[in-house]
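Visitor:
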Amino acid sequence: MKKSLICALVIYCFSSVAAYAAENPSVKALLSEMSKASQQLNYQLSYIVINRNTIEPLRYSHAVENNVQLAHLVYLSGPMREIIRRGGEVSYIDSSSEPFTIRANYMVAPTIPLLNSNINELSKYYDFVLLGKAREAGATCQVLRVVSKDGMRYSYVLWVDEKTKLPLRADLVDRDGDILEQFRTISLAVGDGVSKALGELQNVQLPQVLSLPQGNLTHTYWKVSWVPNGFKPEELNRYKLSGTNQMVESQLYSDGLFDFSVYVSDRNDQSLKSQLVRQGRRSLQIYVSGKNEVAVIGDIPPETALRIARSVKFSPVAAKKVADSNAVNNSPETDVAPESSSQ
């Protein structure tokens, strides 16, 4: 009798665990499905982006035609603005400026986070925690949190539609748990109707692709000695500020979810004292180090921006060579300094 009771309890426990696992798939697998769905489905999301002082309505449409990804983002209030992606080309159209096209595989725009992210890469630096279920835009969603392992950046809380696996809501949260920004879907449409509408983009005449100058610096007189794990440096650039002769060097860093830029210039009479400006998700940290001014701007917490700015190290010998070269060549993109900026 006792053996039968124990066997029954064991069977019940295992069946309960299996049922729970079936209803609660691994968070990483869920995010991988979300990333796959966002790139393969034909869908349209109408959503709002809520900041502390503004609400911006947008409509994002996506389809795949002949193995080519098509996407169309439209700002639904204010001046006419839209962004069109056709494969590896993205066109920016704004009624207040000349339209242009660049080569890229993603839009620089307020799209719902993690739509096209590399989940395997992000899992090295972020933990994914399942929080439960909730409803958003009339759909049942799995709610999960994406939080950095080192605590040096912001987190997201995501609502993923159980049926389509598309993200319907994303809250950007700081380390105190305060919401800095929200993406909230109002309506969702999935099907061939979206594909037919976006298929017409293939025949739209868009601006020719711009030939953007590539950063040609590989060495400089400064280097960032600390960044949070996962942030990788991209192009290093040198240029003159518009309307002045002040030379500035900059480098962009990204971890695939957030990014920031470091700007370095000579200190002058117009240089600001070390200070912090924060607006929503964006931090601007200015830090004066001797004869140099460092500015860190990006979607990172203020404390992280300050630590990055303070980590910038300078080589006086290399700085003198750069200054002498600029005086001789009078060029905004002269690369003569011997010290590498790689991390």
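Positions -21 to -1, 1 to 322 (mature numbering (1 follows the signal peptide of the UniProt record, and there is no 0)) are the ones given, in order, by the sequence shown.
Where a beta carbon is used, it is the ideal one built from N, C-alpha and C, also for glycine.
1. Measure the alpha-carbon distance for Glu35 versus Glu77 and round it to whole angstroms.
2. Given a cut-off of 8 Å, decide if Asn21 and Gly156 are closer than it, judged by their beta-carbon atoms.
3. Taking only three categories from DSSP, how would you classify Tyr85?
4. Would you mind working out which of Gly178, Thr33, Val126 and Pro295 sits nearest Ile98, comparing C-alpha positions?
5. Considering only the alpha carbon of each residue, which of Met13, Ala88 and Leu49 lies closest to Glu179?
6. According to DSSP, Tyr135 sits in a beta bridge with which residue or residues?
7. Under the rule that 16 or more other beta-carbon atoms within 10 Å means buried, what is Glu100, buried or exposed?
8. Between which two residues does the beta strand (DSSP E) harbouring Gln230 extend?
9. Could you say which of Val87, Lys292 and Arg82 lies nearest to Gly235 if we only look at CA atoms?
10. Going along the chain, which residues of its own chain have a beta-carbon closer than 6 Å to the beta-carbon of Ser229, five neighbours each way excluded?
11. Smallest Cα separation from Arg64: which of Val267, Val53, Val203 and Glu214?
12. Grouping DSSP H, G and I as helix and E and B as strand, with all else coil, what is Gly209?
13. I need the DSSP call for Glu95, collapsed to helix, strand or coil.
14. Between Leu159 and Ile81, what straight-line distance do the alpha-carbon atoms span, to the nearest angstrom?
15. Pull up the CB-CB distance for Ser262 and Ala288, whole angstroms please, since I reckon it's below 8 Å.
16. Within 10 angstroms of the Cβ of Glu141, are there 16 or more other Cβ atoms? Answer buried if so, exposed if not.
17. For Ala274, which of helix, strand or coil comes out of DSSP?
18. Of the choices Gly259, Lys270, Asp106 and Ser204, whose alpha-carbon is the least far from that of Arg286?
19. Leaving out the 5 sequence neighbours to the left and right, which residues in its chain are closer than 8 Å to Lys15 when beta-carbon positions are compared?
20. Give every residue of the same chain whose Cβ lies closer than 6 Å to the Cβ of Gln23, excluding the five residues on either side of it in the sequence, and list them in chain order.
21. Using only CA atoms, which one of Gln225, Ser166, Asn208 and Ser233 lies nearest to Glu214?
22. Could you spell out the range, first to last residue, of the beta strand (DSSP E) harbouring Arg257?
23. Rounding to the nearest angstrom, what Cα-Cα distance links Met13 and Arg114 in this structure?
24. With Ala288 as the anchor, note down where its alpha helix (DSSP H) starts and where it stops.
25. Within its chain, find whatever has a CB closer than 7 Å to the CB of Ser253; leave out the 5 residues flanking it on each side and keep chain order.
26. In the DSSP assignment, what residue or residues form a beta bridge with Gly111?
27. Taking the C-alpha atoms as reference points, what is the distance between Lys7 and Arg124?
28. Taking the C-alpha atoms as reference points, what is the distance between Glu2 and Trp201?
29. Check each candidate in Tyr26, Val122 and Pro207 and name the one with the smallest Cα separation from Leu9.
30. Distance, Cα to Cα, Ala(-1) vs Arg154?
31. What residue does the alpha helix (DSSP H) around Lys202 start on, and which one ends it?
32. Measuring only the C-alpha atoms, how far is Leu177 from Thr90?
33. According to DSSP, what are the bridge partners of Ala168?
34. CB-CB under 8 Å to Pro110, same chain, minus the five flanking residues each way: which ones, in chain order?
Guide: Here's the rundown:
1. Roughly 23 Å separates the two Cα atoms.
2. With respect to Asn21, Gly156 sits apart: the two C-beta atoms are not nearer than 8 Å.
3. Coil at Tyr85, not helix or strand.
4. Comparing Cα positions, the closest option is Val126.
5. The residue from Met13, Ala88 and Leu49 with its alpha-carbon nearest to that of Glu179 is Leu49.
6. Answer is Val125 and Leu151.
7. By the 10 Å Cβ count, Glu100 comes out exposed.
8. Its beta strand (DSSP E) spans residues Met226 to Ser233.
9. For Gly235, the closest alpha carbon among the candidates Val87, Lys292 and Arg82 is that of Val87.
10. Excluding sequence neighbours, Ser229 sits near Asn216, Ser240 and Tyr242.
11. Closest option to Arg64, Cα to Cα, is Val53.
12. It is coil, neither helix nor strand.
13. The sequence as given places Asn at residue 95; Glu does not occur at that position. Asn95 falls in the coil class under three-state DSSP.
14. Cα to Cα, Leu159 sits roughly 30 Å from Ile81.
15. The distance from the Cβ of Ser262 to that of Ala288 is about 10 Å, inconsistent with a contact at the 8 Å cut-off.
16. Classification for Glu141: exposed.
17. When DSSP states are grouped into helix, strand and coil, Ala274 belongs to the strand group.
18. Nearest of Gly259, Lys270, Asp106 and Ser204 to Arg286, Cα basis: Ser204.
19. Leaving aside the five residues that flank Lys15 on each side, the residues in its chain whose CB is nearer than 8 Å to its CB run, in chain order, Lys144.
20. Same-chain partners within the cutoff: Ser40, Ala168 and Val173.
21. Of Gln225, Ser166, Asn208 and Ser233, the residue nearest in Cα terms is Ser233.
22. Here the beta strand (DSSP E) through Arg257 covers Gln254 to Gln258.
23. The alpha-carbon of Met13 is positioned some 17 Å away from that of Arg114.
24. Judged by DSSP secondary structure, Ala288 falls within the alpha helix (DSSP H) whose first and last residues are Pro281 to Arg289.
25. Only Ile265, Tyr266 and Val267 meet the Cβ criterion.
26. Answer is Val122, bridged to Gly111.
27. So the two alpha carbons sit approximately 11 Å from each other.
28. Caution applies to Glu2, whose pLDDT of 39 falls short of 50 and renders its modelled position unreliable; the value that the coordinates give is listed next. Rounded to whole angstroms, Glu2 to Trp201 spans 52 Å at the Cα level.
29. Closest option to Leu9, judged by alpha-carbon separation, among Tyr26, Val122 and Pro207: Val122.
30. Confidence in Ala(-1) is poor, its pLDDT being 33 and thus under 50, which makes the residue's placement unreliable; the coordinate value appears in the next sentence. Roughly 30 Å between the two C-alpha positions.
31. It is not in any alpha helix (DSSP H) - Lys202 instead sits in the beta strand (DSSP E) that spans Trp201 to Val203.
32. Cα to Cα, Leu177 sits roughly 17 Å from Thr90.
33. Gln23, per the DSSP bridge assignment.
34. It should be noted that the sequence gives Leu, not Pro, for residue 110. If we look at Leu110 and ignore the five residues flanking it on each side, its Cβ neighbours are Val122, Leu123, Arg124 and Val136.
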